[in-house]
Amino acid sequence: MRQNGNSIVKNVFHLFYSTALATIMNAAALIVLASFISTDDYGKFSVLLAFAMIMAYLSEAGLNQIVLREGAKKEAPVSEIMASFIKLRMGLMLSAMVIGFLIIHWMYRGDTELIYLSYSLILPLLTGISMQSISTVYFQMLEKMQYSGLIRIVSAGLLISVILIGKWFNINPMIVFFLYGSAYFLAGCFGIFLTARHLRFSFKAPFYKGLRKNWIPFMVTGLLFILLPQIGPIILEQTLTWKEVGYFAVAYRIPQALQQVPFIIAGAFYPVLFRLFEAGDHWEHVRKSISQVKLMGLAGMLAAIPFYHLSEFVITLLFGERWIEAALLLKILSLVMVFQGVSIALGDGLTTKALQSRRMIIQGIAVASGVIFYTLFSRLYGLTGAAAAGVLIELILLIGLVFWHPDRMILLKRAVLPYLAAFFISLLAVESFLSSYPFLAVSVHLILILSLAGLDREWRGKGLEIYRKWKSKSGKEAHDAAS
Numbered sequence: 004m005r006q007n008g009n010s011i012v013k014n015v016f017h018l019f020y021s022t023a024l025a026t027i028m029n030a031a032a033l034i035v036l037a038s039f040i041s042t043d044d045y046g047k048f049s050v051l052l053a054f055a056m057i058m059a060y061l062s063e064a065g066l067n068q069i070v071l072r073e074g075a076k077k078e079a080p081v082s083e084i085m086a087s088f089i090k091l092r093m094g095l096m097l098s099a100m101v102i103g104f105l106i107i108h109w110m111y112r113g114d115t116e117l118i119y120l121s122y123s124l125i126l127p128l129l130t131g132i133s134m135q136s137i138s139t140v141y142f143q144m145l146e147k148m149q150y151s152g153l154i155r156i157v158s159a160g161l162l163i164s165v166i167l168i169g170k171w172f173n174i175n176p177m178i179v180f181f182l183y184g185s186a187y188f189l190a191g192c193f194g195i196f197l198t199a200r201h202l203r204f205s206f207k208a209p210f211y212k213g214l215r216k217n218w219i220p221f222m223v224t225g226l227l228f229i230l231l232p233q234i235g236p237i238i239l240e241q242t243l244t245w246k247e248v249g250y251f252a253v254a255y256r257i258p259q260a261l262q263q264v265p266f267i268i269a270g271a272f273y274p275v276l277f278r279l280f281e282a283g284d285h286w287e288h289v290r291k292s293i294s295q296v297k298l299m300g301l302a303g304m305l306a307a308i309p310f311y312h313l314s315e316f317v318i319t320l321l322f323g324e325r326w327i328e329a330a331l332l333l334k335i336l337s338l339v340m341v342f343q344g345v346s347i348a349l350g351d352g353l354t355t356k357a358l359q360s361r362r363m364i365i366q367g368i369a370v371a372s373g374v375i376f377y378t379l380f381s382r383l384y385g386l387t388g389a390a391a392a393g394v395l396i397e398l399i400l401l402i403g404l405v406f407w408h409p410d411r412m413i414l415l416k417r418a419v420l421p422y423l424a425a426f427f428i429s430l431l432a433v434e435s436f437l438s439s440y441p442f443l444a445v446s447v448h449l450i451l452i453l454s455l456a457g458l459d460r461e462w463r464g465k466g467l468e469i470y471r472k473w474k475s476k477s478g479k480e481a482h483d484a485a486s
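Under our numbering, the first residue of the sequence shown is numbered 4, with each subsequent residue one higher.
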C-alpha cells in the first residue's frame with residue numbers, strides 16, 4: 004500500500020535544491036573535463052555519452068512512468084510492483100548492453116581506441132544509472148522527493164570528485180572515462196542502499212500484470228524523448244570533424260544540463276496528475292496542467308536568458324578562450340530551454356490522460372525531423388546550422404503537442420501563447436536596444452519575465468492565499484503563546 008507523501012510544494016522544494024546543487028556540480032565536472040582533455044577527445048566523449056544515455060533508456064524502456072501510474076492507484080501493492088519492476092530492469096539492462104555494444108562495434112569497427120573507450124565509460128555508467136533509476140522512481144512513487152534529491156547530490160558529488168582526481172594526476176582519457184562511469188555506479192549503490200532501508204519485497208512475488216498495460220507507447224515515447232538530445236552528436240560525427248562535434252557538445256551540454264530545472268516541477272506534478280486522472284477529476288487535471296505549463300515555461304525562460312545574452316562571457320569564463328567558437332552555438336541553443344519547458348509539461352498532460360500514443364507519434368516525427376535537419380543544416384551551414392536544427396526540432400515538438408492535446412484551446416489561451424509571446428516580444432525589445440550591454444540586457448529581460456508572473460491572475464491569487472494562511476498561522480501561534 005502506498006504511503007502518504009509530501010505536498011507538491013514540499014516536493015518541488017526538495018527537488019529544487021537537490022537538482023540545483025546536482026546541476027552545478029555536474030556542470031563543474033564537465034568544465035573540469037573540458038579543461039584538460041583535447042577538443043577531439045571531448046568530441047569522442049560526447050558521442051559515447053550519447054550512446055550511453057540511449058542504452059540507459061533502453062534499460063528502462065518506459066517502465067518508470069508505468070510504475071508511477073500503477074503506484075498512483077488506491078491500495079497499490081508497492082512491494083509487488085517494485086519486485087516486478089526490478090526484475091524487468093535487470094533483463095532490459097543486459098539486453099541494452101548487448102545491442103548497444105554490437106552497434107558500436109559495427110559503426111566504429113575501424114577505430115579500436117573508440118571501442119575500448121566505450122567499454123570503459125558505458126559499462127559502469129549504465130549499471131549505475133539503472134540502480135539510481137530504481138531508487139528515484141520508488142521514492143517518487145511515494146512522493147518523498149527528499150530521497151531522490153539526496154541520490155542526485157551524491158551522484159554529482161562523486162562525479163566531480165573523480166574528474167578532479169583525473170585532472171590532478173593527468174590520467175589518460177580511457178581511465179578518466181572509466182572514473183566518470185564509476186561515479187554513477189557508486190551513486191547507484193547508495194540509492195539501492197536507501198531503497199533497501201524503506202522497501203521489503205521478495206523476488207518470488209508474482210509478476211504484477213499492470214506493468215504490461217500500454218507499455219509499448221510508454222517505451223517508444225521514452226526512447227524517442229531520450230533520442231532527441233542525443234542524436235545531435237551522433238549525426239554530426241558523420242558530417243563534421245571530431246573537433247567541431249566537441250564545440251557543439253560544449254554548447255549543447257549547458258541547456259541539456261539545465262533541462263533539469265523544468266524537470267523539478269514535472270517530477271512533483273507527475274504523480275498528482277496521474278492520481279487526478281485515475282479519480283476522474285477532469286477539470287482539476289486541466290487546472291493542474293495549466294499551472295504546470297506556466298511554471299515549467301517560466302523556469303525554462305529564466306534559465307535561457309543569461310546564456311542567450313552572455314554566451315561569450317559564459318564560454319570564456321567556464322571553458323577558456325580555446326572554446327570561444329562555441330559561444331554563438333550556446334546563444335542559439337539557449338532557446339531550446341524556452342520550448343522544452345512548455346513541451347514537456349504538455350507531453351505530461353497527454354501521458355497522464357492515457358494518451359501516450361499521441362505523444363509517441365509527435366516525438367517520432369520530431370526525431371525523424373531531427374535526423375534530416377542535423378544532417379542537412381550541418382552540411383550546408385556547419386556548426387551554426389547544427390545549432391539552428393536543435394532549436395527547430397524543439398519547435399516542431401511543441402507545435403505537435405499543442406495541436407494534438409484535447410485541452411489545447413484552454414492551454415493555448417491561458418498558458419502557452421501568453422507566456423511564449425511575452426518572452427519573444429521582450430527578447431526582441433531587449434536585443435534591439437541593449438545588445439551592446441549584455442549584463443544590463445540580462446537584468447532587464449529577467450525583470451520583464453518575472454513581472455509576467457506578477458501580472459498573472461492565478462499567481463496573484465495563490466500568492467494572496469499563501470499570505471493569508473501564513474498570517475492566520477502566525478496569529479494562531481501568537482494567540483496560543485499568549486494563552
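We put the beta carbon where it would ideally sit given N, CA and C, even for glycine.
Here's a check: name, in chain order, each residue in its chain whose Cβ is nearer than 7 Å to the Cβ of residue i, leaving out the five neighbours to either side.
i, result
"L443", "L437"
"V447", "V433 and L437"
"R417", "I293"
"L333", "A254, I257, F310, S314, V317 and I318"
"L401", "F342, V345 and S346"
"A23", "none"
"H408", "L349, G352, L353 and L414"
"W245", "D43, G46 and K47"
"W296", "It should be noted that the sequence gives Val, not Trp, for residue 296. Contacts found: V345, A348, L349, L414, A418 and V419."
"Y2", "Nothing can be reported for residue 2, as the shown portion of the chain is limited to 4 through 486."
Go ahead and pull the three-state DSSP assignment for residue i.
i, result
"E146", "coil"
"S439", "coil"
"L313", "coil"
"H201", "helix"
"I178", "helix"
"R5", "Residue placement at R5 is poorly supported in this model, since its pLDDT is 46, which falls under 50; the coordinates are not used for a value here."
"A23", "helix"
"M363", "helix"
"F16", "helix"
"P409", "coil"
"Q262", "coil"
"E397", "helix"
"P209", "coil"
"I268", "helix"
"E240", "helix"
"A282", "coil"
"S62", "coil"
"G113", "coil"
"A302", "helix"
"G46", "helix"
"F355", "Strictly speaking, residue 355 in this sequence is Thr, with Phe absent from that position. In the structure shown, T355 sits in coil (DSSP, three-state: anything other than H, G, I, E or B)."
"N29", "helix"
"W188", "Note that residue 188 is Phe in the sequence shown here, rather than Trp. Correct three-state label for F188: helix."
If you drop the 5 nearest sequence neighbours on each side, which residues of the same chain put their C-beta closer than 6 Å to that of residue i?
i, result
"S21", "G152, R155 and I156"
"I163", "M28, A31 and A32"
"K1", "Any property of residue 1 remains undetermined from this structure, which presents the chain solely from 4 to 486."
"F300", "According to the sequence as given, residue 300 is Gly; it is not Phe. The residues are G344, V345 and Y422."
"W109", "none"
"S360", "P220"
Quick one: give me the first and last residue of the alpha helix (DSSP H) that residue i is part of.
i, result
"K334", "A330 to L336"
"D459", "Looking at the DSSP string, D459 is not in any alpha helix (DSSP H), and its letter there is neither H nor E."
"G213", "It is not in any alpha helix (DSSP H) - G213 carries neither H nor E in the DSSP assignment."
"A418", "A418 -> no alpha helix (DSSP H), and no H or E assigned at all."
"F104", "V81 to M110"
"E73", "L66 to G74"
Looking only at its own chain, which residues have a Cβ that is under 8 Å from the Cβ of residue i, when we skip the five neighbours before and after it?
i, result
"K291", "F272, V275, L276 and L279"
"I195", "M134, I137 and S138"
"S123", "M177, I178, F180, F181 and G184"
"L71", "V140, Q143, M144, Y273, P274 and F277"
Would residue i pass as an interface residue toward chain D - the criterion being a Cβ-Cβ separation below 9 Å?
i, result
"T26", "Here chain D cannot be found, since the structure has a single protein chain."
So does the segment 174-182 actually touch the segment 300-316, counting three or more Cβ pairs closer than 8 Å?
-> No contact exists between the segment 174-182 and the segment 300-316.
Are the segment 187-198 and the segment 115-129 touching by the rule of at least three beta carbon pairs closer than 8 Å?
-> They touch, by the three-pair rule.
How about the segment 354-371 and the segment 316-325: do they share at least three Cβ pairs that are nearer than 8 Å?
-> No, because fewer than three Cβ pairs between the segment 354-371 and the segment 316-325 fall closer than 8 Å, the two stretches do not touch.
Just checking, does the segment 420-431 make contact with the segment 390-397 on the three C-beta pairs under 8 Å criterion?
-> Short answer: they don't touch.
Does the segment 53-64 come within contact of the segment 341-358, defined as at least 3 CB pairs closer than 8 Å?
-> Counting C-beta pairs with one atom in each stretch, the segment 53-64 and the segment 341-358 have fewer than three that are closer than 8 Å, which means they do not touch.
Inspect the CB distances between the segment 373-382 and the segment 230-239 and report whether three or more fall short of 8 Å.
-> Short answer: they touch.
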